[in-house]
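Chains W and H supply the protein sequences, listed in that same order. Here the first sequence stands for residues 24 to 386, where the numbers follow this note's numbering. Here the second sequence stands for residues 3 to 93, where the numbers follow this note's numbering. No residue lacks a Cβ here, since even glycine has one placed at the ideal position from N, Cα and C. See structure below.
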Amino acid sequence: MSAEVRIPAPFRRLTGNRARVRAEGGTVRQLLGDLESKFPGFHGLLFDKQGRLPPHIKIYVNGQDVASLAGLDTPLQEGDQVTIIPATAGGTPDAVLTAEQRERYSRHMVLPHWGEKGQRRLMAAKVLVVGAGGLGSPVLLYLAGAGVGTLGVVEFDTVEISNLPRQILHHMHDLGRSKAQSARGTLADNNPDVNVVLHETCLSSENALDIIRDYDVIVPAVDNLATRYLVNDACVLLRKPMVEASVLTYEGQCTVFLPGQGCYRCLYPAPPPPGLMPTPASAGVLSITPAVMGPIQAMETIKLILGIGEVLNGRLLLFDALAMEFRQVRIRRDPNCAVCGDHPTVTSLIDYDDFCGIAAERK
Amino acid sequence: MSITIRIPAPLRSLTGSAQTVEGSGGSVRDCIDDLEGRFPGLKERICDDSSELRRFINIYVNGEDIRFLSGLQTPVKDGDELSIVPAVAGG
Chain W
24 MSAEVRIPAP FRRLTGNRAR VRAEGGTVRQ LLGDLESKFP GFHGLLFDKQ GRLPPHIKIY
84 VNGQDVASLA GLDTPLQEGD QVTIIPATAG GTPDAVLTAE QRERYSRHMV LPHWGEKGQR
144 RLMAAKVLVV GAGGLGSPVL LYLAGAGVGT LGVVEFDTVE ISNLPRQILH HMHDLGRSKA
204 QSARGTLADN NPDVNVVLHE TCLSSENALD IIRDYDVIVP AVDNLATRYL VNDACVLLRK
264 PMVEASVLTY EGQCTVFLPG QGCYRCLYPA PPPPGLMPTP ASAGVLSITP AVMGPIQAME
324 TIKLILGIGE VLNGRLLLFD ALAMEFRQVR IRRDPNCAVC GDHPTVTSLI DYDDFCGIAA
384 ERK
Chain H
3 MSITIRIPAP LRSLTGSAQT VEGSGGSVRD CIDDLEGRFP GLKERICDDS SELRRFINIY
63 VNGEDIRFLS GLQTPVKDGD ELSIVPAVAG G
């Protein structure tokens with residue numbers, strides 16, 4: 024049986040922000056299984072570790088709570104309407120905005136599709152930004168400014184003077200200081216309400232899954248391919264949405280990968296041989312380029328959290344600062360992808376320095 | 003035939019800094035060979051020793067990835083736009 028399923032906003036990051044989708048099943052249980060196959064990650068949001076539906080998740084069939092019918096074995100008819108409502112749909116259940124927060128976020132809360140409900144949803148969200156450099160700086164600043172409740176920062180580098188033109192979280196008085204500490208200081212100066220969690224470590228195959236696991240949306244803001252592939256594979260394995268961007272010279276790229284709908288390896292199956300990939304240090308990067316792409320990453324992240332607009336999944340946004348031109352090309356999931364394809368050959372994290380053939384540079 | 007070919011920044015040193023060039027050919031492969039004739043050295047940046055597209059470079063014809071069309075044999079015609087887009091590492 025085919026039924027219309029209404030998706031609550033906190034879950035729409037798995038459906039490309041679609042509020043209504045169709046799914047098949049003779050019972051609610053079968054329909055939820057079909058939802059999982061279409062939008063991997065749903066089971067993790069709906070069920071507890073014992074595979075049971077927790078009390079705060081309500082499912083209605085044609086307006087009736089399945090708990091008053093036959094539970095997950097409630098039969099479905101063609102054309103039924105199934106609604107999923109988590110009790111925390113409005114963000115932190117008991118969050119009340121203070122007068123200062125209402126003033127702080129006033130320009131956002133009056134926006135269509137935002138309001139106090141959207142603001143509370145942001146305040147309940149957890150976003151991990153990998154890197155506090157050229158891309159990471161504006162991403163973190165705008166997410167903090169918007170009131171994302173928890174911002175994780177993965178960064179182990181120290182501030183150098185060549186960083187300052189584009190890594191706007193850091194200042195002259197931060198030279199030689201831990202970038203992570205510097206980032207936390209600047210973010211706190213803008214919005215002390217944000218819980219900034221520092222992961223002052225080099226992301227690796229040993230720690231990536233544990234670090235990424237606790238966050239809702241992952242934003243790689245890294246400067247090398249090895250870490251890109253690492254974050255990508257971890258997001259695929261953990262079924263996390265990923266907002267990816269990259270920059271060089273006067274150009275940038277950005278897209279969103281949703282669980283089950285393609286990944287970075289679908290886009291670029293293999294890295295270039297060592298020496299064939301220009302880096303910011305060798306080819307240069309205009310500071311304005313990450314200043315454009317980073318906020319786009321922040322915008323896509325906010326859209327995922329709020330469940331609004333059309334995110335970039337299935338599209339690669341290309342920016343050329345010299346032509347002052349934005350273009351889009353269509354991208355798609357590769358059924359032969361090594362990590363997210365129909366028959367994956369990569370089912371755990373690998374040695375990414377070896378995969379890329381070079382030691383990862385973090386400049 | 004006139005096909006608009008968009009050149010990514012890392013390859014513009016080979017095209018005299020041109021970000022867009024006009025090309026010709028009945029297929030993507032023909033266009034690359036035509037480009038090589040006019041801008042020597044371009045082909046080896048795009049294709050490997052087997053003349054296959056390098057896996058960190060994508061080519062789009064009118065916005066569609068040729069890997070999901072007919073690869074380098076994807077036909078092109080007058081008025082089409084061909085974009086060469088390599089992976090970029092910086093952040």
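- Chain order gives no chain H residues near D180 of chain W, where near means a beta carbon separation below 8 Å; the closest approach is about 12 Å.
- Counted as a single uninterrupted DSSP element, the beta strand (DSSP E) harbouring S25 of chain W occupies residues 25–29.
- Shown in chain order are the members of the segment 243–273 of chain W whose Cβ falls below 8 Å from a Cβ of chain H: P243, A244, V245, D246, N247, L248, R251, A268, S269, V270, L271, T272, Y273.
- Contacts with chain W at 8 Å (Cβ-Cβ) do not include D51 of chain H.
- At the C-beta level, F58 of chain H and A20 of chain H stay beyond 8 Å of one another.
- With fewer than 16 other Cβ atoms inside 10 Å of its own Cβ, K72 of chain W counts as exposed.
- Interface criterion met: the Cβ of Q276 of chain W is under 8 Å from a Cβ in chain H.
- DSSP places S129 of chain W inside the alpha helix (DSSP H), whose first and last residues are 129–132.
- In the pairwise beta carbon analysis, the segment 155–168 of chain W is classified as touching the segment 309–327 of chain W: at least three pairs are separated by under 8 Å.
- For F280 of chain W, DSSP records a beta bridge to W:M265.
- A contact between stretches requires three or more CB pairs, one per stretch, nearer than 8 Å, and the segment 367–383 of chain W meets this requirement with the segment 224–233 of chain W.
- For G275 of chain W, the closest of W:A249, W:R353, W:S310, W:G154 by C-alpha to C-alpha distance is W:S310.
- For D343 of chain W, the uninterrupted beta strand (DSSP E) segment begins and ends at 338–343.
- Between G332 of chain W and G86 of chain W, the alpha-carbon positions lie close to 27 Å from each other.
- Counting every other CB atom within 10 Å of its CB across the protein chains shown gives H193 of chain W a total of 16 or more, marking it as buried.
- Listed by position along chain H, the residues whose Cβ is nearer than 9 Å to that of Y291 of chain W are R57, F58, I59, N60, P88, A89.
- Neighbours of Q351 of chain W in chain H, taken as residues at a C-beta separation under 8 Å, are given in chain order as G65.
- Boundaries for T302 of chain W: no alpha helix (DSSP H) harbours it, and the DSSP string shows neither H nor E there.
- Measuring C-alpha to C-alpha distances from D180 of chain W to each of W:D103, W:I191, W:C225, W:G172 identifies W:C225 as the nearest.
- Contact annotation for F70 of chain H against chain W: R355 [CB-CB distance below 7 Å, chain order].
- For E38 of chain H, the enclosing alpha helix (DSSP H) starts and ends at 30–40.
- In the three-state reduction of the DSSP assignment, G175 of chain W falls in the strand class, which pools E and B.
- With a threshold of 16 other beta carbon atoms within 10 Å, L134 of chain W falls short and is exposed.
- The beta-carbon distance between R40 of chain H and C49 of chain H, rounded to whole angstroms, is 16 Å. This is too long to meet the 8 Å contact definition.
- Taking a contact to require three or more Cβ pairs closer than 8 Å, the segment 279–286 of chain W and the segment 343–362 of chain W qualify as touching.
- Within the DSSP secondary-structure output, E46 of chain H pairs in no beta bridge.
- Per DSSP, the beta bridge partners of I86 of chain H are H:I61.
- Judged by DSSP in its simplified three-state form, S201 of chain W adopts strand.
- Residue range 231–235 is occupied by the alpha helix (DSSP H) that includes L232 of chain W.
- Proximity of S15 of chain H to chain W, defined by a Cβ-Cβ separation below 8 Å, is not satisfied.
- Ranking W:G39, W:G154, W:R338, W:R43 by CA distance to the CA of I30 of chain W puts W:R43 first.
- With the rule of 3 Cβ pairs closer than 8 Å, the segment 185–200 of chain W counts as touching the segment 138–158 of chain W.
- For P42 of chain H, no CB of chain W lies under 8 Å from its own CB, so it is not counted at the interface with that chain.
- With a cutoff of 8 Å on beta-carbon distance, I5 of chain H and V87 of chain H are scored as not near each other.
- Neighbours of P313 of chain W in chain H, taken as residues whose beta carbon is under 9 Å from its own, are G92, G93 in chain order.
- Taking each of W:N218, W:W137, W:K263, W:G74 in turn and checking the Cα distance to T38 of chain W, the smallest one comes out for W:K263.
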